[in-house]
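*Asks:*
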Amino acid sequence: MSLSEAFPEDFRADFAKQKLKIGSVIRVFVQDTNPPKEKRFILIGQSYDKLMFASIYINSEINPNVFHSAELRSLNVELIAADREYLDHDSYADCSMIFKRNADWLLHLIKSDPSKIIGELSAEDLKEISSRIKSARTITVAEKKTFGLFL
């Protein structure tokens with residue numbers, strides 16, 4: 012039995028709802044990377060109907076094969092580990108694309124294992140990342156509008 016299972020169901024549900032918000036940093040095994048692996052991602056926006064979150068990945072480095080132009084490289088925000096408890100080493104927030112996450116799936120994930128939430132962005136980091144996403148020509152206007160990332 013995990014520690015989270017020792018708490019009542021309604022307590023775990025309330026905790027998950029409280030922690031699941033824009034700026035939350037989550038670590039989980041994902042299938043939408045090649046190869047699938049455990050990744051950290053940031054919740055950066057939420058749809059107006061509250062059914063979906065927009066997320067971006069945190070990467071260990073800027074891959075020159077993926078980010079081959081200066082414009083693409085500029086869409087990565089450097090995150091220094093010393094200032095951020097959710098990082099083991101200096102990393103980069105990839106603001107070149109967003110990944111949609113079902114809110115119910117995330118709630119279930121956090122309710123089942125609260126340790127999946129590993130931190131929260133500072134207000135300054137959230138502002139910088141949001142700004143880079145808004146300027147990204149690699150993300151459609153429709154996607155940005157869906158998640159409140161347009162203006």
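Oh and the sequence shown: position 105 is 116 in the working numbering, straight run, nothing missing. Positions of the beta carbon are idealized from the N, C-alpha and C atoms, including for glycine.
#1: Could you round the C-beta distance between residue 72 and residue 103 to whole angstroms and report it? I think they count as a contact, below 8 angstroms.
#2: My output table needs one value for residue 158: the three-state DSSP class, helix, strand or coil.
#3: Please confirm whether residue 127 and residue 120 have their CB atoms less than 8 angstroms apart.
#4: Please return the same chain residues whose Cβ sits closer than 6 angstroms to the Cβ of residue 131, not counting the five positions on each side in sequence.
#5: Is the distance from the Cβ of residue 110 to the Cβ of residue 142 below 8 angstroms?
#6: State the start and end residues of the unbroken alpha helix (DSSP H) segment that holds residue 122.
*Replies:* With the given structure in hand:
#1: Within the sequence shown, the letter at position 61 stands for residue 72. Within the sequence shown, the letter at position 92 stands for residue 103. By a beta-carbon distance limit of 8 angstroms, residue 72 contacts residue 103. Their separation comes to about 7 angstroms.
#2: What you label residue 158 is simply residue 147 of the sequence shown in a count that begins at 1. In this structure, DSSP gives residue 158 a state outside helix and strand, which the three-state scheme calls coil.
#3: For this step, residue 127 is matched to residue 116 along the sequence shown. For this step, residue 120 is matched to residue 109 along the sequence shown. Result yes, Cβ atoms of residue 127 and residue 120 sit closer than 8 angstroms.
#4: Taking the first residue of the sequence shown as position 1, residue 131 is located at position 120. Excluding sequence neighbours, residue 131 sits near 34, 35.
#5: Taking the sequence shown and counting its residues from 1, the one referred to as residue 110 is at position 99. Taking the sequence shown and counting its residues from 1, the one referred to as residue 142 is at position 131. At least 8 angstroms separates the beta-carbon of residue 110 from that of residue 142.
#6: Looking up residue 122 in the sequence shown gives position 111. First-last of the alpha helix (DSSP H) with residue 122: 114–123.
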